[in-house]
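Going line by line, the protein sequences match chains A and B. Going left to right, the first sequence walks through residues -6 to 193 as the numbering used here numbers them. Going left to right, the second sequence walks through residues 37 to 360 as the numbering used here numbers them.
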Amino acid sequence: MTTLSSPNSYVGSYNPKGLAQIVGFACLAGFVVDLFVITFPPNLGNLQWRIGFMQQVSDRSIILLFGLALIMFGLLDFRRWRRRLAMACLVLGAIFCLSSILVIRDGITFQQEALKNINTQATQVQSQIQQAKNNPGSVPNVTPEQLNQISGALSNQVNSLKENAKTVTLRTGISSVGNLIIVGLAMIGLGQYGARPPKN
Amino acid sequence: MAQSNSKTRLELLGRKLGKRSLALFKTACRTNHNRIVACGVLVLLMFLPAWLSVVWQSILKGDSGFLLNAGFLYLGLDRLWRNRQQLMAEPATEEERFLGYFLILGGAACFPLCLSSVSLQALIAMVILLGIAICNWGIAVVQKHPLAIALILVSVYPDLGFLANRIRQTLTGKQLESLMAWLAGLSFAAIGQTVTVDGVFLSLAQTIDNSNAVEVASGCSGFDMAFPIAGFAFIMGMYFKQPWQKTFALIAIGVILALTFNVPRIMLLAFAVVHWGEASFEFWHGPIGGQIFSATMLTAYYYIAMAIIDQQPSIVTQKAKGKN
């Protein structure tokens, strides 16, 4: 059984800023390595690549925020570096917020393409069923009632596939956009704090 | 003679407008700050036709959504205007100006990429408006007047009802529709009718098939009625400067009334389908039937809302009465 009689004086004798810098730079380096891996080879024209890229960036963005906050804490006493970092945070925050609009745009386009694909495939199968109905001899073992059943089942399946596609794209979109906006706003806050830190 | 008179007046007006716009253009080009803000305003002006066309289409459909936009915009601007001296007293710092410029220019750069969707253009307009506010009055304007800023930003989106309904459908699926079908089923059972409910389908028979079932679709869920009522209740609460509890009560009662009045509507439509035929269903489902239901509901709501607002007269009205 030991007790710390005066913890404040105990902690106060060390400077925790060096520790914050180490962890902060490690987080930042980890983010940069991840970013490097997911960026190369870049394929900006490809919609799916863009969506995957932004999703991964938004998933990892919290590490970037954490790292920058720790570095900011470590650099609080260095006015020049602190202001530079604050500016970088403001720019990064604004980029994150703006990129969320592009993520929504890509999400909408992707959803429309997915629905269009489902529709084209469904129309093809329906036209095949219609052909089989018009020429009963072409498929000897299938009755018209069975064809009607298949047609009904197909339209049900198409509807559920469409609903599923809509829900999945919306949910992933909302999660990426939410992350990007929250981290973006937090970075803007961090930048504002770093530019003029409040004093005790 | 009269014609030449009006012609000269028009010419004068044209000259005045020309001078004013030239002066405005010169002011816009004077400093970098003005140039960047003018760039943002230009993008907002480019968005205006798309916004107006969506609002006009919704007015033609008989939608009251634009009133929500107008109400939110008025409330937001009014709050900022009343605090204008405090806003002017605290100009933006260098970093805040930089952030504002970045948001304006970034939004302007993204605008050409989003011409296909009015919703995205509205989002960009929000970012630009935020940028203009931040580069003039700093982030403090968002921190000190979050409600005013949120109201102005929300009013930029041209079809709020559509957006809210899409969000509801994504988050809850068809739960509201199923709830409505279930409540209508309970009401039918209470008046002694045979009824079967399966999810969003309601049938006045033991089984559900296409001939006797009614589907409670998204438009019949009552949400389209509940959302504007909640919006107007909020605007009313803010306009009459009601305390938050009363505003919340106004919203909650509006939503509950809209959803409650939707149950007899669904019951009537189910009756119409099964017993009275297609023409009767079309009548009750169409604009006239809809108007009858909304008029009944709004009458009930008016009396309840006014009772809530007048419940405890505010100090100002008491004073006014005392003076009289």
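Backbone N, C-alpha and C fix where the C-beta goes; we use that ideal spot for every residue, glycine too.
- For a Cβ distance threshold of 8 Å, residue set Arg98 and Ile101 of chain A lies close to B/Ser153, ordered along the chain.
- Within the stretch 132 to 158 of chain B, the residues whose Cβ lies closer than 9 Å to any Cβ of chain A are, in chain order, Glu132, Phe134, Leu135, Phe138, Leu139, Gly142, Gly143, Ala145, Cys146, Leu149, Cys150, Ser152, Ser153, Ser155 and Leu156.
- The CB of A/Met47 never comes closer than 9 Å to any CB in chain B; the least such distance is about 14 Å.
- Around the Cβ of B/His181, a 10 Å sphere holds 16 or more other Cβ atoms; the residue is buried.
- Interface with chain A (8 Å Cβ-Cβ cutoff): B/Ile175 is included.
- Classified as buried, A/Asn172 has 16 or more neighbouring CB atoms from the shown chains inside 10 Å of its CB.
- Annotation: B/Gly313 to B/Phe307 spans about 9 Å, alpha carbon to alpha carbon.
- The Cβ neighbour count for B/Ala125, taken over all protein chains shown within 10 Å, is under 16; the residue is labelled exposed.
- Cβ atoms of B/Ile287 and B/Ala269 come within 8 Å of each other, at about 4 Å.
- With 16 or more neighbouring CB atoms inside 10 Å of its own CB, B/Trp87 falls in the buried class.
- If you check each beta-carbon in the stretch 188 to 217 of chain B against every beta-carbon of chain A, the ones closer than 7 Å belong to Thr206.
- Counting every other CB atom within 10 Å of its CB across the protein chains shown gives A/Phe89 a total of 16 or more, marking it as buried.
- Nothing from the stretch 233 to 258 of chain B brings a Cβ to less than 8 Å from some Cβ of chain A.
- From the beta-carbon of B/Val163, the residues of chain A found nearer than 8 Å are Cys90, Leu91 and Ile94.
- When C-beta distances to chain B are compared with 8 Å, the residues of the stretch 181 to 193 of chain A below that value are Ile181, Gly184, Gln185, Ala188 and Arg189, in chain order.
- The secondary-structure analysis by DSSP pairs B/Leu238 across a beta bridge with B/Val233 and B/Val250.
- Per DSSP, reduced to three states, the secondary structure at A/Val135 is coil, with no helix or strand assignment.
- By alpha-carbon distance to B/Gln179, the top candidate from A/Ser144, A/Ile181 and A/Phe66 is A/Ile181.
- In the structure shown, B/Thr67 falls within a coil segment according to DSSP collapsed to helix, strand and coil.
- In the structure shown, A/Asn157 adopts helical secondary structure according to DSSP, grouped into three states.
- Cα atoms of B/Phe198 and A/Ala188: separation of roughly 41 Å, rounded to the nearest angstrom.
- One alpha carbon belongs to B/His69, the other to A/Asp27, and they sit about 37 Å apart.
- In this structure, B/Asp195 and B/Gly101 form a Cβ contact; the two beta carbons are roughly 6 Å apart against a cut-off of 8 Å.
- If you draw a straight line from the Cα of B/Asn119 to the Cα of B/Val177, it comes to about 10 Å.
- Counting only residues of its own chain and dropping the five nearest sequence neighbours on each side, B/Cys150 has a CB closer than 7 Å to the CB of Leu156, Gln157 and Ile160.
- Along the stretch 105 to 130 of chain B, the alpha helix (DSSP H) occurs as fully enclosed runs of 4 or more residues at 120 to 125, listed in sequence order.
- For A/Phe66 and B/Val236, the gap between their C-alpha atoms comes out near 56 Å.
- Of the residues B/Met82, B/Ile140, B/Ala128 and B/Pro127, the one whose Cα lies closest to the Cα of A/Val84 is B/Ile140.
- Taking 8 Å as the cut-off, the Cβ atoms of B/Ile168 and B/Gly76 count as close.
- In this structure A/Asp99 is in contact with A/Leu40, their Cβ atoms being roughly 6 Å apart against a cut-off of 8 Å.
- Excluding sequence positions up to five before and after A/Val118, its CB lies within less than 8 Å of the CB of Leu147, all in the same chain and listed in chain order.
- Among the residues of the stretch 65 to 80 of chain A, those with a Cβ less than 9 Å away from any Cβ of chain B are Arg76, Ala79 and Met80, in the order of the chain.
- For A/Ser92, the closest alpha carbon among the candidates B/Leu109, B/Val163, B/Leu113 and B/Trp117 is that of B/Val163.
- Its chain contains Val299 as the residues whose beta carbon lies nearer than 6 Å to that of B/Leu219, once the 5 sequence neighbours on both sides are disregarded; these appear in chain order.
- Listed along chain A, the residues sitting closer than 8 Å to B/Ile160 by beta-carbon distance are Ile94.
- In the three-state DSSP reduction, B/His181 falls in the coil class, being neither helix nor strand.
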